[in-house]
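Quick note, our numbering runs 4 ahead of the 1-based positions in the sequence shown.
Just below is one structure, and these are the notes that go with it.
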Amino acid sequence: MRLGTDIQTFWKPMKLSTTLSSYLYLHKEPQDRFNFQRRFFTNLDLGLKFKMSDRLSLKINSPITLFPMFQDNNLSRIALGSGRYSYVIDANVELTGANIGLIYKFKDRDKNIVPSMQFSGVVGDLSVEASTGFLFYDLINQKKDVLNWNQNFGVQNSVDLWLSKQVNEKFDARIGLGYSNFYHINSNSFNPDSAQSSSYANVRLGTDIQSSWQPMKFSIAVSNYISLAKEAEDVFNFQQRIFTNLDVGAKFKINDKLSIRATTPITLAPMLNGSSWGYFDDNQAIVIVPNSRVGMTGLNVGIVYSFGKKSE
5 MRLGTDIQTF
15 WKPMKLSTTL
25 SSYLYLHKEP
35 QDRFNFQRRF
45 FTNLDLGLKF
55 KMSDRLSLKI
65 NSPITLFPMF
75 QDNNLSRIAL
85 GSGRYSYVID
95 ANVELTGANI
105 GLIYKFKDRD
115 KNIVPSMQFS
125 GVVGDLSVEA
135 STGFLFYDLI
145 NQKKDVLNWN
155 QNFGVQNSVD
165 LWLSKQVNEK
175 FDARIGLGYS
185 NFYHINSNSF
195 NPDSAQSSSY
205 ANVRLGTDIQ
215 SSWQPMKFSI
225 AVSNYISLAK
235 EAEDVFNFQQ
245 RIFTNLDVGA
255 KFKINDKLSI
265 RATTPITLAP
275 MLNGSSWGYF
285 DDNQAIVIVP
295 NSRVGMTGLN
305 VGIVYSFGKK
315 SE
């Protein structure tokens, strides 16, 4: 999944190109030797785009690592042979290099699959949202975890400032900044004496889609949470500095100023990642499952107050 922009330079055939590229791993298990491969990683691609003709363009860019493809921050031990071990702490493998791409533009059609959208010259709407939610944490796709050690509940409280624009008669694009607090209930992962709650800064990007019923819009947002703590707050240092959810739900208009939004989170990049657990197989032998992810689900309900249209 990519999100980017091209910026025109003083030379007409050339544009500056900036793209945020997020990669979601399609295999069930890590393919590297030590299970350091991440399910989700992100690069910032910077480069140039050159127009060759009305149909063809050439793009050259270089990746800058934001979230690495290979990462380990859980004090992993690697056997070197002869009884010797090497400990790897906070090992991040970054990517660099050059990517070259050829872009072909299809002919314009009277009716496009993607609806036309307008971002410039559109009046924006500024709003604030206060929300609270009840969450459930558990290992992702691990049915054999009968001990349920990673299962726990949480309460999320958030405040966000949104800037939205109606870019199409059915679509509102929005970007938000805010703060979230996660209060962990009956958690084995977080020490109740020192880390019963965790604080995060929010960066969100989403859209509201008009439904056939005028007061209701479908709501989708990618929510990135950046930990405000200096170090991991969980017992075994599995807490990630940044985690990402996809929030899916609906927004209901009460009046010109007030709306209610109800969403459920879907984990993309987990809050807790890299934990290991075990179970007994049919032969009563212990099987260790490394590099597991703890996902979250639940329901968040927020009140949205609109300050009104803001001209550019």
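Glycine included, every Cβ here is placed at the ideal spot set by N, Cα and C.
*Which two residues bound the contiguous beta strand (DSSP E) that contains E237?*
Taken as a continuous stretch (DSSP letters only), E237 belongs to no beta strand (DSSP E), as it is neither H nor E.
_Threshold first: 3 residues or longer. Then list the beta strand (DSSP E) segments lying entirely within the segment 6-39, N to C._
6-12 and 18-28
_In the DSSP output, which residue or residues are listed as bridge partners for G101?_
DSSP, once it has assigned bridges, lists no residue as partnering G101.
_Best match in F110, T100, F157 and N96 for proximity to S201 [C-alpha to C-alpha]_ = F157
*What residue range is occupied by the uninterrupted beta strand (DSSP E) comprising L250?*
I246 to K257
*Environment of L232 [buried if 16+ CB atoms lie within 10 Å]*: exposed
*Quick one: using the 10 Å Cβ neighbour count with 16 as the cut-off for buried, is E133 buried or exposed?*
buried
*Taking the C-alpha atoms as reference points, what is the distance between D36 and L303?*
36 Å
_N- and C-terminal bounds of the beta strand (DSSP E) containing E133_ = G128 to L143
*If you check the beta carbons only, do I264 and L250 fall under 8 Å apart?*
no
*Which whole-angstrom value is the C-beta distance of V163 and Y183, which I expect to be below 8 Å?*
6 Å
*Where N190 and V291 are concerned, what is the direct C-alpha to C-alpha distance, given to the nearest angstrom?*
26 Å
*State whether the segment 49-68 contacts the segment 12-24, with contact taken as three or more CB pairs (one from each stretch) at a distance under 8 Å.*
yes
_Residue range of the unbroken beta strand (DSSP E) whose run includes W166_ = N156 to Q170
_Going by beta-carbon coordinates alone, are K221 and K255 separated by less than 8 Å?_
yes
*What are the boundary residues of the beta strand (DSSP E) that includes R178?*
F175 to I189
*Which class does D58 belong to by DSSP, given the choice of helix, strand or coil?*
coil
*Quick one: what does DSSP say A205 is sitting in, helix, strand or coil?*
strand
*asked:* Assuming the contact rule is C-beta atoms closer than 8 Å, N185 and N161 should be a hit. Round their C-beta distance to whole Å, please.
replied: 5 Å
*Which residues share a DSSP beta bridge with P269?*
D251
*If we ignore side chains and look at the alpha-carbon of each, how far apart do E316 and Q170 end up?*
Because E316 carries a pLDDT of 48, less than 50, the predicted location of this residue cannot be relied on, and the following value inherits that uncertainty. Their Cα atoms are separated by approximately 14 Å.
*Going by the beta-carbon positions, is the gap between T301 and A273 smaller than 8 Å?*
no
*Should E235 go down as buried or exposed, given a rule of 16 or more other Cβ atoms within 10 Å for buried?*
exposed
*Secondary structure of L106, DSSP reduced to three states*: strand
*asked:* Cutting at 7 Å between CB atoms, please list the residues of its own chain near Q12, excluding the five before and the five after it.
replied: K19
*Which class does D49 belong to by DSSP, given the choice of helix, strand or coil?*
strand
*Inspect the beta-carbon positions of F175 and I213 and report whether they are closer than 8 Å.*
yes
*Who pairs with N241 in a beta bridge, going by DSSP?*
Answer by DSSP bridge pairing: none, since N241 is not bridged.
*Check S296 in the structure and name its three-state DSSP category.*
strand
*Neighbour-count burial assignment, V298, 16 or more Cβ in a 10 Å radius*: buried
*Alpha carbon to alpha carbon, what distance is there between R6 and R178?*
17 Å
_Length of the line joining the Cα atoms of R43 and L70_ = 14 Å
*What first and last residue would you give for the beta strand (DSSP E) that runs through M220?*
M220 to S231
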